[in-house]
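Peer 1:
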Amino acid sequence: MSQVRLVLFDLDGTLVDSAPQLHRSVVAALAALGKGPVTLSEVSAWVGNGADMLLRRAWQGRHEVDAMPPAELPALRAAFDADYAEAATQGVSLYPGVRETLTSLQQAGKCLALVTNKPSRFVPAILDQVGLRDLFSQVVGGDCLPVRKPDPAPLLHICAQAGIPPEQSLMVGDSRSDVLAARHAGMPVVGLTYGYNHGEPIAASDPDWILDDFAKLTPLVLGSL
């Protein structure tokens with residue numbers, strides 16, 4: 122790990138617990154189109170593949186989705202976005218040890234970047250709310266490139282912009298999408314046991330390291346764990 126110069130982080134379920142805000146906006150969007158509510162635990166299990174997939178899952182009430190009426194998704198997404206513009210920062214919280222760990226890595230000379238499937242227009246306000254915005258040299262949202270995680274392109278884009286090769290980088294996330302993106306990008310990956318991983322243990326995705334405490338990342342990256 123001593124060769125790691127760049128550390129990339131997922132956002133939802135890795136740095137911040139955003140499920141309550143997502144749940145509020147999903148329920149609001151469903152209600153706007155005359156659909157019944159879904160539970161917080163259901164939304165937590167459906168997060169991780171972007172807002173459109175989350176809404177498709179909520180519309181059908183299950184993780185595996187079939188075709189939904191083509192005209193429904195734009196209206197559902199518009200209703201979701203309208204509510205989430207307010208809800209995104211209402212009570213969002215950091216997981217324990219996140220701010221201290223990111224600060225310690227930055228002070229140790231590591232370059233930090235954020236790569237999330239969340240629409241980019243919501244990200245700055247969330248980072249401002251939790252006081253993390255100044256810690257990241259790059260932020261790539263789910264709509265910044267033509268593809269998103271688990272495609273490796275967002276990770277490789279960050280590496281190219283930083284001038285640091287994937288093998289000297291590290292991905293940190295809580296979901297299968299994070300692990301797959303890192304694998305395809307050719308970089309090592311840390312999987313966190315909390316967060317949102319479609320109801321599956323992160324160990325099933327076979328990351329290089331599994332941590333149950335974000336603070337353990339500092340000694341791991343700095344070579345003392």
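Residue numbers (my numbering): 122 to 346. Note that beta-carbon positions come from the ideal geometry of N, C-alpha and C, so glycine has one too. All of these numbers come straight from a predicted model, not from anything done at the bench.
Determine the DSSP secondary structure at C265, reduced to helix, strand or coil.
Peer 2: In this structure, C265 counts as coil in the three-state DSSP scheme.
Peer 1: According to the neighbour-count rule (16 or more other Cβ atoms, all chains shown, within 10 Å of its Cβ), is T237 buried or exposed?
Peer 2: So T237 ends up on the buried side.
Peer 1: Do you know whose CA, among L176, V125 and D138, lies nearest S146's CA?
Peer 2: Considering only alpha carbons, the answer is L176.
Peer 1: Please name the residue, chosen from K270, A149 and V148, that lies closest to N170 on a Cα-to-Cα basis.
Peer 2: Taking only the C-alpha atoms, the option nearest N170 is K270.
Peer 1: Using DSSP bridges, identify the partner residues of D133.
Peer 2: In the DSSP output, where bridge partners are listed per residue, D133 has V137.
Peer 1: Considering V293, what are the terminal residues of the beta strand (DSSP E) in which it resides?
Peer 2: S290 to G294 is the span of the beta strand (DSSP E), which, as asked, contains V293.
Peer 1: Assuming contact is defined by CB atoms lying nearer than 7 Å, are S296 and M308 in contact in what I supplied?
Peer 2: No. Outside cutoff.
Peer 1: Closest to C265 by C-alpha separation, out of V251, F243 and P286, would be which residue?
Peer 2: Taking only the C-alpha atoms, the option nearest C265 is F243.
Peer 1: Determine which residues share a DSSP beta bridge with V311 and list them.
Peer 2: According to DSSP, which records beta bridges pairwise, V311 is partnered with V293 and W330.
Peer 1: Which ranges does the beta strand (DSSP E) cover as unbroken runs of at least 3 residues, wholly within the stretch 196-249, from first to last along the chain?
Peer 2: Whole beta strand (DSSP E) segments, 3+ residues: 232-236.
Peer 1: I believe C232 touches A172 by the beta-carbon criterion, under 8 Å. Please report the beta-carbon distance rounded to the nearest angstrom.
Peer 2: About 28 Å separates the two Cβ atoms, so there is no contact after all.
Peer 1: Using the rule of at least 16 other Cβ atoms within 10 Å of the residue's Cβ for burial, across every protein chain shown, is Q124 buried or exposed?
Peer 2: Q124 should be labelled exposed.
Peer 1: Less than 7 Å between the beta carbons of T339 and T222, yes or no?
Peer 2: Cβ distance < 7 Å, so T339 and T222 count as in contact.
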